[in-house]
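Chemist: For reference, the structure I am asking about is given below.
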Amino acid sequence: MNSSSLHLNLLKPTERRSSSPIRLRVMLPICAILVCAGLLCWWGMLFTNLMMAKTQASGIEEDLANKGKQHAEIIKLRDEARELKLQLEQLDYYKAGVRSVAEPLAKFAEIVPMRVQIKEMSFSPLPAQILQPPGAKAPLFGPTENVETQKLVIAGLTTKETPVVSLMESLSSGFEKLVTSERKIKSFRQDNAEAEGRKLLSFEVEYTMPERRFAK
Amino acid sequence: MLCLSPIGPVAKPAFLGFAIPTKALSLAWIVQRNFTVKLQLTKDKTVEIRLPGGGGSKSATDIAGVEMFSPDCDGCPAVRLIKKKKAWHLVAADVVKDPNGTLPSCWEETPHQPVWELPRAFQAPHAALAVNSSMGTFSQSTADAIVQDMMSGLDAAKAAPAASSGSKKFGIKRESQPAAPRTASKSDTPTRRPTFPDAGTSVSENGRRFVTRPMAEQGFHLYSSLPEFQTLWISRLLPEGKRPTASSIQVAESALMASVFLQPEFHAADGSTLAIFVRNEAIFFAGYKKGEPVLWLRCPSAGGINAMHTAIKKTLGVGDDLIRSVLEESLIDPRPALEPFIRPIFAQLELSLAYLSSKHGLKFDHALLMGLDAGAALWSTYAEEALRLKLIAPNPYDGLIVDKGVETADATGYLVALGAAIAGAEVSL
């Protein structure tokens, strides 16, 4: 049983008032305004964040572009440095491979016998030092091999065989920096030149010079 | 996806809703005119949330009932009922001060709108107000007669205070006449015929406020009406934002009829009972069948308690101070004074019993006698002799748990307030 069957209420639903101090017709617009304001704030924050993110992104992009340039420069400098380092290394190799022949040559004049006239001292030509391989940006420096060998050819005139032999014997000791013991008499023949009424002999002796090593 | 969709049997929702048609969850909400939000979780599951200030509650668990402008006492009998653990508690009962000003008797008096605040003990969220107004109507009638009454509403309302203007207090008729059902006449036929209102829906027509409820008998309705200006005046008495506010305005007789709802005897009889309400100025018979009203009749041939007291004083020659002793004690036999007074009442009661028996198949061996503060035993004795009907005079507080501090004396004076509260609560018991 429901008491509503005996309830004859003359009050219309629209006339009913709330006893709550919180009135819906007041609170609803306030809440709506607050919600709208909240949404606006939220959207504002989102927009601000978006703008900040965009600004940051553009800044980062600019920074990245600058960094890219700097990076390319650094790479280029590093390549140059590496190249220079290689060149220095090569120079070090050359430095290690320096052949000091001035002293033995100065000494050589003292050991030449009286009956010998040195006409020519020549070194065999060296292989090409700088290579330019196809497609290479820069030429490759340095010798093609780590060890370089050269020949020293001593040509002259003499009156007889003995002074030449004496010269060769003199060269066998104290001239290690200039020549090795390996030698070859390339020619020994009579020359057209005369001295003291006698026909002179021309000779050519080829010495193998000490090895030139390009190493640290 | 957003879609607008009224859900379920919602009458005219003023609403805005959205639904998310997913397989698992369909969520929608509707704000109705009574400020409730319905969340439809699934196809069959709906959760209703009442928003504050909506006042759309269908049942109340804390309500104050107030009888306004009672002719029986100075002030307004008021009660406060609170439902705790499925039981109704009477937490306060007292006579509170009248609102400042009188119940207006015409539109011109309505601008004088007082503000009324009830004492702290009665500050429930809701208040059901039962009004004693000489311009009010509470009757049973057919739909046609009610429509006729609606058509001639304002004229009838104007005529009523004119007839009783000399003897009213707060616009209340002191010597009230039986509320004879109005009949249609050619003179008060307006151009537009009002439509019969839906049950329980309050409508305004021709300057009067009407509400109807169907009775158990087909074609008959209980209806209640008050002048529009009185209804508006009462509805604005209790200010918004302060406890309590009016959730119900009833005519006092309507609340009286509902007061039986609290009685254990009423429920023991499965809602089928006969009740006799004795008031100072009138006597009413009310019949119920399975909780539904089947009879409401103002006894046409007898006055109320005041008339009974007058008869005792005249016949036995006793003063006012001895009337209660005569009715309660056996020193003086009150039969010579009471019998002539009661006989016409029982004659009407016999007719009512015959009507209930023949029309509704209701046979009673006892009836509830309510509102009588003294002499119930004598009434019962006479009723048993005349009608073989036992009259039980229950305490109006029966069926309630009376909290400590509540004055239980003179409970009959709160019958209307109790009825207003329990009817206004709209609860199932």
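So the sequences go chain by chain: W and S. Heads up: the first sequence begins at 7 in the working numbering, then just goes up one per residue. Heads up: the second sequence begins at 390 in the working numbering, then just goes up one per residue. Even glycine gets a Cβ: it sits at the ideal position worked out from N, Cα and C.
Mind checking if residue 650/S is an interface residue toward chain W, Cβ cutoff 7 Å exclusive?
Modeler: yes
Chemist: For residue 559/S, decide whether its Cβ has a neighbour in chain W, counting only Cβ atoms nearer than 7 Å.
Modeler: Its pLDDT being 36, under 50, residue 559/S is placed unreliably in this model, and the coordinates cannot settle the point.
Chemist: Distance, Cα to Cα, residue 54/W vs residue 61/W?
Modeler: 10 Å
Chemist: Going by DSSP, what residue range makes up the beta strand (DSSP E) through residue 495/S?
Modeler: Unbroken run through residue 495/S: none, as it is neither H nor E.
Chemist: Using a Cβ cut-off of 8 Å, which residues of the stretch 15 to 42 of chain W contact any Cβ in chain S, in chain order?
Modeler: 15, 16, 17, 18, 19, 20, 21, 22, 23, 24, 25, 26, 27, 28, 29, 30, 31, 33
Chemist: Would you mind reading off the limits of the beta strand (DSSP E) that contains residue 451/S?
Modeler: 451 to 457
Chemist: Opposite residue 223/W in the DSSP bridges: which residues?
Modeler: For residue 223/W there is no data in the structure shown, the boundaries of chain W being 7 and 222.
Chemist: Flag residue 741/S as yes if its beta-carbon sits less than 7 Å from any beta-carbon of chain W, otherwise no.
Modeler: no
Chemist: Which same chain residues end up closer than 8 Å to residue 374/S when comparing Cβ atoms and leaving out the 5 residues on each side of it in sequence?
Modeler: The displayed coordinates of chain S run from 390 to 818. Any statement about residue 374/S would go beyond what the structure contains.
Chemist: Have a look at the DSSP bridge pairing and note the partners of residue 515/S.
Modeler: 452/S, 634/S
Chemist: Contact criterion: CB-CB distance below 7 Å. Does residue 639/S meet it with respect to chain W?
Modeler: yes
Chemist: Leaving aside the five residues before and after residue 343/S along the sequence, list all residues of the same chain whose C-beta is less than 7 Å from its C-beta, in chain order.
Modeler: What the structure shows of chain S is the stretch from 390 to 818, and residue 343/S is not part of that stretch, so it cannot be assessed.
Chemist: Provide the residue span of the alpha helix (DSSP H) that contains residue 674/S, from first to last.
Modeler: That residue, residue 674/S, is in no alpha helix (DSSP H); its beta strand (DSSP E) goes 672 to 678.
Chemist: Taking 7 Å as the threshold (beta carbon to beta carbon), is residue 815/S in contact with chain W?
Modeler: When Cβ-Cβ separations below 7 Å define contact, residue 815/S makes contact with chain W.
Chemist: Could you check where the alpha helix (DSSP H) with residue 198/W kicks off and where it finishes?
Modeler: Taken as a continuous stretch (DSSP letters only), residue 198/W belongs to no alpha helix (DSSP H), being part of the beta strand (DSSP E) at 189 to 201.
Chemist: Residue 606/S versus chain W: which residues are under 7 Å apart at the beta carbon?
Modeler: By Cβ distance, chain W contributes nothing, its closest Cβ being about 14 Å from residue 606/S, past 7 Å.
Chemist: Under 7 Å between C-beta atoms, does residue 45/W make it to chain S?
Modeler: Not a single C-beta of chain S is nearer than 7 Å to the C-beta of residue 45/W.
Chemist: How would you call residue 14/W, buried or exposed, if buried means at least 16 neighbouring beta carbons within 10 angstroms?
Modeler: buried
Chemist: Could you name the residues of chain W that residue 800/S contacts, counting a contact when the two beta carbons are closer than 7 Å?
Modeler: What residue 800/S touches in chain W: nothing, since even the nearest Cβ is about 19 Å away.
Chemist: From the DSSP output, in three-state form, read off residue 520/S for me.
Modeler: Residue state, collapsed to three classes: strand.
Chemist: Does DSSP put residue 35/W in a helix, a strand or coil?
Modeler: helix
Chemist: Quick one: is residue 12/W buried, meaning 16 or more other Cβ sit within 10 Å of its Cβ, or exposed?
Modeler: buried
Chemist: Beta-carbon of residue 417/S versus every beta-carbon of chain W: anything under 7 Å?
Modeler: Low confidence applies to residue 417/S: its pLDDT is 45, below 50, so where it sits in the model is not reliable, and the reading given next is rough at best. For residue 417/S, the answer is no, since every Cβ of chain W falls outside 7 Å of its Cβ.
Chemist: Can we say the stretch 121 to 129 of chain W touches the stretch 156 to 166 of chain W, given the rule of at least three CB pairs closer than 8 Å?
Modeler: yes
Chemist: For the putative contact between residue 356/S and residue 453/S, defined by C-beta atoms under 8 Å, what is the C-beta separation to the nearest angstrom?
Modeler: Outside the modelled stretch of chain S, which goes from 390 to 818, sits residue 356/S, for which no answer is possible.
Chemist: Alpha carbon to alpha carbon, how far is residue 804/S from residue 467/S? Give it in angstroms, no decimals.
Modeler: 10 Å
Chemist: Applying the criterion that 16 or more other CB atoms from any shown protein chain within 10 Å of the CB defines a buried residue, is residue 640/S buried or exposed?
Modeler: buried
Chemist: Could you list the residues in the stretch 591 to 617 of chain S with a C-beta less than 7 Å from some C-beta on chain W, going in chain order?
Modeler: If the cut-off is 7 Å between Cβ atoms, the stretch 591 to 617 of chain S has 591, 598, 600, 602, 611, 613, 615 near chain W.
Chemist: Could you please tell me which residues of the stretch 46 to 79 of chain W, in chain order, have their CB closer than 7 Å to any CB of chain S?
Modeler: Within the stretch 46 to 79 of chain W, no residue qualifies.
Chemist: Along the stretch 625 to 637 of chain S, what residues have a CB closer than 9 Å to any CB found in chain W?
Modeler: 625, 627, 628, 629, 630, 631, 632, 633, 634, 635, 636, 637
Chemist: Here's the rule: buried if 16 or more other CB atoms are within 10 angstroms of the residue's CB, otherwise exposed. What is residue 152/W?
Modeler: Exposed, by the Cβ-count rule.
Chemist: If I'm right that residue 520/S touches residue 626/S with Cβ under 8 Å, what's the distance once you round it to whole angstroms?
Modeler: Not really, about 10 Å apart at Cβ, beyond 8 Å.
Chemist: Quick one: Cα of residue 179/W to Cα of residue 117/W, how far?
Modeler: 11 Å
Chemist: Within 7 Å (strictly less), CB to CB, does residue 524/S reach chain W?
Modeler: no
Chemist: Should the stretch 684 to 691 of chain S be regarded as contacting the stretch 520 to 537 of chain S, the criterion being three or more beta carbon pairs within less than 8 Å?
Modeler: yes
Chemist: Given a threshold of 16 other Cβ atoms within 10 Å of its Cβ, counted over all protein chains shown, does residue 783/S qualify as buried or as exposed?
Modeler: buried
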